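Input: a single structure, listed below in structure tokens.
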Amino acid sequence: MTLFVSVYPAVSIFQLLVGNRFVFSTDPQISKISQQLKFISQYDYPQIIYLALLILIAVPRIANAIKAPDEPQRLEKHKKWMVYVVNYGIFQAVFCIFMSFLYDADDETRYIITTVSQLPTVILIACFGLPYFFTCVIDYNWPIIAALIATILTSFPLIHFQPNCYAFLIVPWCFMIYFGLLELYLMHVDRIYDGLFHEINRLELDPLE
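Set out below in structure tokens:
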């Protein structure tokens, strides 16, 4: 049994730490070196707002999840909500990859649509993903190897055919797709268990166990 915290919320948050707005480089030297480097990424205020929103919502939700009573349906509640979280995350990742091919990297329409698509992910991860991250662990076992291989085999071709500015976004998007599918499978076969923080709180409430 290989127990580990959920990878999915972490990679979902990582995409918010990478610049999603790209501008055309005016440096002629860059264009001479490679067309792949002609766009440079910039950070923008929606990222700050999303991260602030994530923290404001997640902190009380995590505290409540850690202190939640040790009842049989606790894990079932987490799994029920995480199905919605993961399904939307997979959709968002596939959608953002599609948009990266549909529009130029510096297109304002692409930037607005992909940024707006991240908002539900922020809310879902803050409300359900991070409480799940802090109070549950997953028996990943051998299927994690298949998810890693699929992520690598998908990421490299996508990065090759896209401007380099997308590299740090395509990787978390591919992680969201394959590790999302992996976690849906592991939730379906009941490979989710109580995590460390919940166990500590349970023992504090009932030290005779």
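Read left to right, the sequence shown gives residues 1 to 209 (the working numbering). Even for Gly, the Cβ is constructed at its ideal location relative to N, Cα and C. Note that the structure is a prediction, hence the values are computed from the model and not measured.
query = With burial defined as no fewer than 16 other Cβ atoms inside 10 Å of the residue's Cβ, what is the status of ILE275: buried or exposed?
reply = Residue 275 is absent from the model: the chain starts at 1 and stops at 209.
ask   = Going by beta carbon distance, what residues of the same chain come within less than 8 Å of VAL240, once the five residues before and after it are set aside?
value = No statement about residue 240 is possible, as the shown extent of the chain runs from 1 to 209 and does not include it.
message = Under 8 Å, with one C-beta from each stretch per pair, do the region 123-137 and the region 85-96 reach the 3-pair mark?
response = yes
message = Can you check which of these residues, PHE101, GLU76, PHE4, is closest to PRO157 by C-alpha distance?
response = PHE101
ask   = Going by DSSP, which residues form a beta bridge with PHE4?
value = ILE138
query = Do you know whose CA, among CYS127, ILE138, PHE128, TYR178, lies nearest TYR149's CA?
reply = For clarity, residue 149 is Ile in the given sequence; the question names Tyr instead. Checking every option, the nearest Cα to that of ILE149 belongs to TYR178.
query = Looking at the structure shown, is ARG21 part of a helix, part of a strand, or coil, going by DSSP?
reply = strand
task = In angstroms with no decimal places, state the Cα-to-Cα distance between VAL116 and ASP104.
result = 17 Å
request  = Measure the C-alpha to C-alpha separation of ASP194 and THR114 and round it to an integer number of angstroms.
outcome  = 34 Å
inquiry  = Relative to the C-alpha of ILE159, which candidate in HIS78, ILE97, ALA65, GLN15 has its C-alpha closest?
reply    = If we check each option's Cα against that of ILE159, ILE97 comes out closest.
query = Helix, strand or coil: how does DSSP classify TYR103 here?
reply = coil
message = DSSP has ILE62 in a bridge; who is on the other side?
response = Paired residues: none, contrary to the question.
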